[in-house]
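**Student:** Here it is, the structure, as structure tokens.
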Amino acid sequence: MLSALLALGALGILFGLLLGYAAIRYKVEGDPLVDKIDAILPQTQCGQCGYPGCRPYAEAIARG
Numbered sequence: 002m003l004s005a006l007l008a009l010g011a012l013g014i015l016f017g018l019l020l021g022y023a024a025i026r027y028k029v030e031g032d033p034l035v036d037k038i039d040a041i042l043p044q045t046q047c048g049q050c051g052y053p054g055c056r057p058y059a060e061a062i063a064r065g
């Protein structure tokens, strides 16, 4: 019973470290213009503009 818990804990730590490494190694940079436009928007997620949230609306504005 104890060995099973230790094995699962070790696997959890191993996969956590692998995911942390992958997040740093394969980071995707976003468009800074979209980030600036998104920061200005109200973030109410109301959908009245026709987009599901402020981020997709900011991307549409940045694309023109």
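Just so it is clear: in the sequence shown, position 20 is 21 by this note's numbering, and no numbers are missing. Where is the CB? At the ideal position from N, CA and C, for every residue including glycine.
When you compare the CB of Tyr58 with every CB in chain D, is at least one pair closer than 8 Å?
**Tutor:** The chain labelled as chain D is not found in the depicted structure, where only one protein chain is given.
**Student:** My output table needs one value for Lys37: the three-state DSSP class, helix, strand or coil.
**Tutor:** The count along the sequence shown starts at 1 and reaches residue 37 at position 36. In this structure, Lys37 counts as helix in the three-state DSSP scheme.
**Student:** Is the distance from the Cβ of Ala61 to the Cβ of Leu34 below 8 Å?
**Tutor:** In the sequence shown, residue 61 corresponds to position 60, counting from 1. In the sequence shown, residue 34 corresponds to position 33, counting from 1. No, the Cβ-Cβ distance between Ala61 and Leu34 is not below 8 Å.
**Student:** With a threshold of 7 Å (Cβ to nearest heavy atom), would Gly10 be considered close to the ligand MG?
**Tutor:** Because no ligand of any kind appears in the structure shown, any question about the ligand MG cannot be addressed here.
**Student:** From what residue to what residue does the alpha helix (DSSP H) around Leu3 run?
**Tutor:** Numbered from its first residue, the sequence shown carries residue 3 at position 2. Taken as a continuous stretch (DSSP letters only), the alpha helix (DSSP H) holding Leu3 covers Leu3 to Arg26.
**Student:** Short check: CB of Asp39 to CB of Cys50, under 8 Å?
**Tutor:** Within the sequence shown, the letter at position 38 stands for residue 39. Within the sequence shown, the letter at position 49 stands for residue 50. No. Outside cutoff.
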